[in-house]
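What follows is a single structure, written as structure tokens, with notes after it.
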Amino acid sequence: MLYFVEQCLNGVQLGMLLFLLAAGLTLVFGIMDLVNLAHGSLYMLGAYFAATFAVLTGSFVIAIIMAVAASLVAGMVLETVAIRRLYSRNHLDHVLGTFGLLLFFNELVRLIWGPAGMTLSLPPEMLTAVQIIPGVYYPIYRLVIILAALAIAALLYVLVMRTRLGMLIRAGAANRQMVAALGVNIELLYTFVFGLGAALAGFAGVMQAPILTVQIGMGENILILAFVVIIIGGIGSIRGAFVAAVMVGLIDTVGRSFLPDMLHRVLSTNAAATLGPALSSMSIYMLMAAVLVFRPEGLFPVAGR
Amino acid sequence: MKAAAVARPLVEIERLSKRFGGIVPTDAVSLAIEAGELHAVIGPNGAGKTTLISLLAGELSAQGGLIRFDGADITALPVYRRSQLGIARSFQITSLFRDFTALDNVALAVQAHRGHSFRFWRDVRGEYELRKPAFDALVRVGLAERAGMRVDKLSHGEYRLLEIAMALATGPRLLLLDEPMAGLGPEESAAMVQMLRQLKGNLTILLIEHDMQAVFALADRVTVMVYGRVIACGEPAAIRADAAVRRAYLGEE
Amino acid sequence: MTASFDPSLDAATRSQLTPRGALAATVLAALAVLPVYAALTGDGFALTLFTRVLILAIGAVSLNLIMGYGGMVSFGHAAYLGIGGYAVGILAKEGVDSGFVQWPAAIAASALYALVVGVLSLRTRGVYFIMITLAFAQMIYYVAIGLDRYGGDDGLTIYRRSQFAGLLDLNNKTLFYYVCFALLLASLYIVSRIVNSRFGLVIRGARSNERRMRAIGFPTFRYKLVCFVIAGAMCGLAGALLANHTNFISPALMHWTRSGDLIVMVVLGGLGSLFGPLIGAVVFLLLEEGLSRLTEYPDLILGPVLLLVAIYAHGGIEGLLEGRRRG
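Quick mapping for you: the protein sequence lines, in order, are chains D, V and Y. With this note's numbering applied, the first sequence corresponds to residues 1 to 305, in that order. With this note's numbering applied, the second sequence corresponds to residues 1001 to 1253, in that order. With this note's numbering applied, the third sequence corresponds to residues 2001 to 2327, in that order.
As structure tokens, then:
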């Protein structure tokens, strides 16, 4: 039972990371209608920046701040130099072009940092477990991830729902041409939105670095999960991304932990050993398939699309 | 309105309704279209005429009411099924293959109604049973000389005729025409009116048009819609004289 | 004036020799004599490289069928290379060496997976479709990693190539090359017949304007599904060939970046043209090979090249040849 609670928390934590990634992805797709396969690369760069800055400055916290700032800048530069030339093209060209960027960044990272990957160590206090409810101990750092992501979700909410900029973003997600026709400096808006997405991705990369990985190609796997999240949540919807991310995080984590066991009770050992891992990684896709059948526009579709 | 017709109407629309958020383009519309007639629907912009055609064609689903075609309830049928039952529509958007010929385009419409298309080997351009009826449809609309021409080289007027040829090629019983004369010059409009006049009788036609000359020259009956509602329905002369119609629509011209 | 129906009207749309046709003919001729060159110069590597080109070209031809002609951009097409390859690998491991069983199994398994994916995905379009096919490919990738018995992440060695009761010795590299070449020609021919048939016109029409197609009475979903299955099956055969070629199969073959490679090949060559995928495959693989000899970091160049193609090149290489814009 306690194990179950712990796995649920891990699921929520994964969900928070996915939300950070998916939010940027869904904004860029919703507003600029751009499919960005290189989003995972920004996530990867965030992690590498953090690991590097941690070594340079010796401080974990400073490393985080600098890495997020660097991701923001990297995102805006990328948008200005390359991404904006893709807006007028069709989705297939987006896929092709951002795929090229993805290959480029993986190679660039290999050139600068070498093939081996890096580590980012936490200050030891972060790793201790605290008792959050009687009997359940959970590492502080993972709690920090959850809380930080929730804080960002709240900030995003305020930004999108309560500011003028946010209004432009929402309007752009529902009707791009109209916003441009209203005389808003659309180019600046796009650069900002892309940069925001990059910063969010970079932040996710930074936060997961100490507990997961800092290596080449780390963006790819989680990117696909992020796409699944935005399909389930509804393209262009941040709220949808949040709900779907938590769902996906929970199902994936709890599924991987418990499904093999459950299968062992029902099937022979051999069958369970083969099917277990396969099915648990499939659980997300089965959820996505179900959503596609019953509600193809996503759980929280943006009106007007 | 005709009293106690011998045959039942080809199309019976009963209290059909559709809303989009706060807008109600179709508000309990009831209408009957007799077989063989050319029935025009007119009304100011925003009256819900195109929505009506989309509802009849099956591209939009109604929220209330029903549609009967030749006695059968088709309200829930998808678009392609309605096409197979004999309902064809023309579009204002462009034809299928811009870099194919006019004949290719119409032949595709014929193909849709000649058995299934799970044939993978034989070159479709060699199928006489598709090409000939397609050519005949082009003759009917007066585009025979353009049969071998690539569609992206046709004039706007020829596009509109091709649209109708494609609709005709499916051998329909009901033809839904959504502003076929939009964008046509005076000569082309006159040619189109001539062509439509020749189609009358063999076919039942529902025509939406803004060109009043054409409407009154062609229509057997006219229905007037304003803000999603039918405000009058009857023979052209009666409609012309109807005070409410003049106020609501003709008076604005 | 009454016009009469003139069947020769159709002659106008028959293709004549174009720069595009000439290029294709040249490439095919060069490929046909490559083994001779390899034998004369003793360059075995060229033979190996171009066998791979032929096999992946088959994959690209199959993807072009759904993507170029059908408008269905599948980002999961490498899954079929994997399924076909694993069909051969798994059967080989279980003692079934016969190509007469393995290759049909590869085709059937791929067709089945394509059917399932197609039924679930084809109701969507545009970017949703791209992402969903991507997700399904990733799913089968993870399944393959989980197959411990068949090597899992490390992959599976195939000790004996597919046996054809002594009729064909696939260990003979030159013979194997020509088998692949023959299958490539066959797949090109099959696609050329399909796209000009009734079925092909429905698919192409659905790409052009699906709404219109339904309005004239075509139930487009079932046609797209069948097309999707055909493409999957064809690519499954390519997978079986690939497994034979490398005597090895691993999940890496199904990674989504491999699907990206296939898309690149099709787009580079020119979408929706018959020989485009062949030319794209040749160019892409030669580029990849050449760049990796040139530098230790080939993607630093390849990546931006792809980006530039995406931004500037209309209609891929063939489009450049003809100087004309494609959608």
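Note that CB positions come from ideal geometry on N, CA and C, so glycine has one too. Note that this is a predicted model, so its numbers are computed, not measured.
Q: Could you check how far apart the C-beta atoms of Y/G2089 and Y/A2252 are, in whole angstroms? I think they sit under 8 Å.
A: As a working mapping, residue 2089 of chain Y is identified with position 89 in the third sequence. As a working mapping, residue 2252 of chain Y is identified with position 252 in the third sequence. Not confirmed; about 13 Å, so no contact.
(Q) Can you check whether the C-beta of D/A289 is within less than 8 Å of a C-beta belonging to chain Y? (A) Position 289 of the first sequence, counted from the first residue, corresponds to residue 289 of chain D. By this cut-off, D/A289 is an interface position.
Q) Bridge partners of V/V1041, per DSSP? A) Looking up residue 1041 of chain V in the second sequence gives position 41. Per DSSP, V/I1208 and V/T1223.
(Q) Rounded to whole angstroms, what is the Cα-Cα separation between Y/L2054 and Y/Y2128? (A) Position 54 of the third sequence holds residue 2054 of chain Y. Position 128 of the third sequence holds residue 2128 of chain Y. Answer to the nearest angstrom: the Cα atoms are 31 Å apart.
(Q) According to DSSP, is Y/I2158 part of a helix, a strand, or is it coil? (A) In the third sequence, counting from the first residue as 1, residue 2158 of chain Y sits at position 158. Coil, per DSSP.
**Q.** Residue from V/Q1213, V/G1022 and V/L1207 with nearest C-alpha to V/T1223
**A.** The count along the second sequence starts at 1 and reaches residue 1223 of chain V at position 223. Comparing Cα-Cα distances from V/T1223 to each of V/Q1213, V/G1022 and V/L1207, the minimum goes to V/L1207.
Q | Beta-carbon proximity of D/L147 to D/P210, cut-off 8 Å | A | Working through the first sequence from its first residue, we reach residue 147 of chain D at position 147. Working through the first sequence from its first residue, we reach residue 210 of chain D at position 210. No, they are not a contact pair.
Q: With a cut-off of 8 Å on the beta carbons, I'd call Y/F2136 and Y/A2079 a contact; round off their distance for me.
A: Start at 1 with the first residue of the third sequence, and residue 2136 of chain Y comes out as number 136. Start at 1 with the first residue of the third sequence, and residue 2079 of chain Y comes out as number 79. That pair is a contact at about 7 Å.
**Q.** Beta-carbon separation (whole angstroms), V/G1234 vs V/G1048, contact threshold 8 Å
**A.** One-based indexing of the second sequence puts residue 1234 of chain V at position 234. One-based indexing of the second sequence puts residue 1048 of chain V at position 48. Incorrect: roughly 19 Å between the Cβ atoms, too far for contact.
(Q) Tell me the rounded alpha-carbon separation between Y/L2183 and V/L1056. (A) In the third sequence, residue 2183 of chain Y corresponds to position 183, counting from 1. In the second sequence, residue 1056 of chain V corresponds to position 56, counting from 1. Going from the Cα of Y/L2183 to the Cα of V/L1056 covers about 49 Å.
Q. What is the DSSP secondary structure of V/R1098, reduced to helix, strand or coil?
A. Within the second sequence, residue 1098 of chain V is the residue found at index 98, counting from 1. V/R1098 falls in the coil class under three-state DSSP.
Q: Could you say if the stretch 240–248 of chain D and the stretch 38–52 of chain D meet the contact criterion of at least three C-beta pairs nearer than 8 Å?
A: no
Q) What residues in the stretch 2205–2224 of chain Y have a beta carbon less than 7 Å from any beta carbon of chain V? A) G2205, S2208, N2209, R2212, R2214, A2215, I2216, G2217, F2218, P2219 and Y2223
Q. When Cβ atoms are compared, which residues of the stretch 1224–1242 of chain V fall closer than 8 Å to chain Y?
A. none
Q.
Can you determine whether any heavy atom of the ligand COA sits closer than 7 Å to the C-beta of Y/C2235, and answer yes or no?
A. Because no ligand of any kind appears in the structure shown, any question about the ligand COA cannot be addressed here.
Q | Among V/L1177, V/G1185 and V/P1186, the one whose alpha carbon lies nearest that of V/S1090 | A | Working through the second sequence from its first residue, we reach residue 1090 of chain V at position 90. Comparing Cα positions, the closest option is V/L1177.
Q) If you follow the beta strand (DSSP E) that V/F1020 is part of, which residue opens it and which one closes it? A) As a position in the second sequence, residue 1020 of chain V is number 20, starting the count at 1. Note, V/F1020: beta strand (DSSP E), V1011 to F1020.
Q | Neighbour flag for V/T1170 against chain Y, beta carbons, 8 Å | A | Here residue 1170 of chain V refers to the residue found at position 170 when the second sequence is read from its first residue. Chain Y, which has a Cβ nearer than 8 Å to the Cβ of V/T1170, makes this yes.
Q. Is there contact here, the stretch 2204–2219 of chain Y with the stretch 2246–2261 of chain Y, by at least three beta-carbon pairs under 8 Å?
A. no
Q.
Quick check: is the beta carbon of V/M1166 nearer than 8 Å to any beta carbon in chain Y?
A. In the second sequence, the residue the question calls residue 1166 of chain V occupies position 166. It does; some Cβ of chain Y falls within 8 Å.
Q: Say whether chain D places a C-beta atom closer than 8 Å to the C-beta of Y/F2075.
A: Here the question's residue 2075 of chain Y lines up with position 75 in the third sequence. Taking Cβ atoms only, chain D reaches closer than 8 Å to Y/F2075, which makes this a yes.
Q. Which residues in chain Y sit within 7 Å of V/Q1084, going by Cβ to Cβ distance?
A. Locating residue 1084 of chain V in the second sequence gives position 84, where the first residue counts as 1. The answer, in chain order, is G2217.
Q) The alpha helix (DSSP H) spanning V/Q1194 covers which residue range? A) Taking the second sequence and counting its residues from 1, the one referred to as residue 1194 of chain V is at position 194. From DSSP, the alpha helix (DSSP H) with V/Q1194 extends over P1186 to L1199.
Q. Going along chain Y, which residues have a C-beta under 7 Å from V/R1068?
A. Within the second sequence, the letter at position 68 stands for residue 1068 of chain V. None at all; the shortest Cβ gap to chain Y is about 20 Å.
Q) Counting only beta-carbon atoms, is Y/G2303 nearer than 8 Å to chain D? A) Taking the third sequence and counting its residues from 1, one reaches residue 2303 of chain Y at position 303. Yes - at least one Cβ of chain D is within 8 Å of the one on Y/G2303.
Q: Please work out which residues of its chain come closer than 8 Å, Cβ to Cβ, to D/I133, disregarding the five sequence neighbours upstream and downstream, and give them in chain order.
A: Within the first sequence, the letter at position 133 stands for residue 133 of chain D. Result list for D/I133: V5, in chain order.
Q) Does any residue of chain Y bring its CB to less than 8 Å from the CB of D/M218? A) The count along the first sequence starts at 1 and reaches residue 218 of chain D at position 218. No - not a single Cβ of chain Y is within 8 Å of the one on D/M218.
Q) Which whole-angstrom value describes the C-beta separation of Y/F2075 and Y/T2133, a residue pair presumed to lie in contact below a C-beta threshold of 8 Å? A) Here residue 2075 of chain Y refers to the residue found at position 75 of the third sequence. Here residue 2133 of chain Y refers to the residue found at position 133 of the third sequence. Their Cβ separation, rounded to whole angstroms, is 5 Å, which keeps Y/F2075 and Y/T2133 in contact under 8 Å.
**Q.** Through-space distance from V/S1117 to V/R1081, alpha-carbon basis
**A.** As a first step, residue 1081 of chain V must be located in the second sequence, where it is residue number 81. As a first step, residue 1117 of chain V must be located in the second sequence, where it is residue number 117. Cα to Cα, the separation comes out at about 15 Å.
Q) Who are the neighbours of D/P296 on chain Y, taking C-beta pairs under 8 Å? A) Taking the first residue of the first sequence as 1, we reach residue 296 of chain D at position 296. Within chain Y, the residues near D/P296 are R2123, T2124 and Y2128.
Q.
At 4 residues or longer, what runs of the alpha helix (DSSP H) sit wholly inside the stretch 2028–2101 of chain Y?
A. If only uninterrupted alpha helix (DSSP H) runs of at least 4 residues are considered, those enclosed by the stretch 2028–2101 of chain Y are 2044–2064 and 2078–2093.
Q) What did DSSP end up calling Y/G2327 once you bin it into helix, strand or coil? A) As a first step, residue 2327 of chain Y must be located in the third sequence, where it is residue number 327. Interpretation of Y/G2327 is limited by its pLDDT of 36, a score under 50 that renders its predicted location unreliable; no figure is taken from the coordinates.
Q) Residues in the stretch 1132–1156 of chain V with C-beta within 7 Å of chain Y's C-beta atoms, listed in sequence order? A) K1132, F1135, V1139, A1144, E1145, A1147 and G1148
Q) According to the neighbour-count rule (16 or more other Cβ atoms, all chains shown, within 10 Å of its Cβ), is Y/Q2102 buried or exposed? A) Taking the first residue of the third sequence as 1, we reach residue 2102 of chain Y at position 102. That one is buried.
Q. Does any C-beta atom of chain V lie closer than 8 Å to the C-beta of Y/V2061?
A. As a working mapping, residue 2061 of chain Y is identified with position 61 in the third sequence. No, its Cβ sits nowhere closer than 8 Å to a Cβ of chain V.
Q. So what does DSSP say about D/L299, is it helix, strand or coil?
A. What you label residue 299 of chain D is simply residue 299 of the first sequence in a count that begins at 1. Here D/L299 sits in coil by DSSP.
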